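**Q** Quick one: this structure, given as structure tokens, is what I'll be asking you about.
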Amino acid sequence: ELDIPITFSSDAHSVEQIGFSYDEVTKVAKEVGYTKCCYFEQKEKIEINF
Numbered sequence: 065e066l067d068i069p070i071t072f073s074s075d076a077h078s079v080e081q082i083g084f085s086y087d088e089v090t091k092v093a094k095e096v097g098y099t100k101c102c103y104f105e106q107k108e109k110i111e112i113n114f
């Protein structure tokens, strides 16, 4: 509704922890109305659909 972008990150302390619970957080994001998230590459915002 307000078009506020969302991004996710991992506080990983090992390679195996990268992306931990990604499926769960995207599910919650969808439940509250998000359809996409974004990430940044060389200071450029890139949006991707779930």
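So in the numbering used here, the last one in the sequence shown is 114, and the numbering has no gaps at all.
The C-beta atom is built at its ideal place from N, Cα and C for all residues, glycine as well.
Bear in mind that the values here come from a model prediction, so they are computed numbers and not experimental data.
1. Less than 7 Å between the C-beta atoms of residue 100 and residue 113, yes or no?
2. With residue 70 and residue 76 assumed to form a contact (beta carbons below 8 Å), what rounded beta-carbon distance in angstroms separates them?
3. Where does residue 109 fall in DSSP's three states?
4. Pick out whichever of 74, 66, 105 has its Cα sitting closest to the Cα of residue 85.
5. May I ask which residues mark the beginning and end of the alpha helix (DSSP H) holding residue 90?
**A** Checking against the coordinates, here is how it stands:
1. yes
2. Your pair residue 70 and residue 76 does not check out as a contact, with CB atoms roughly 19 Å apart and the cut at 8 Å.
3. strand
4. 74
5. 86 to 95
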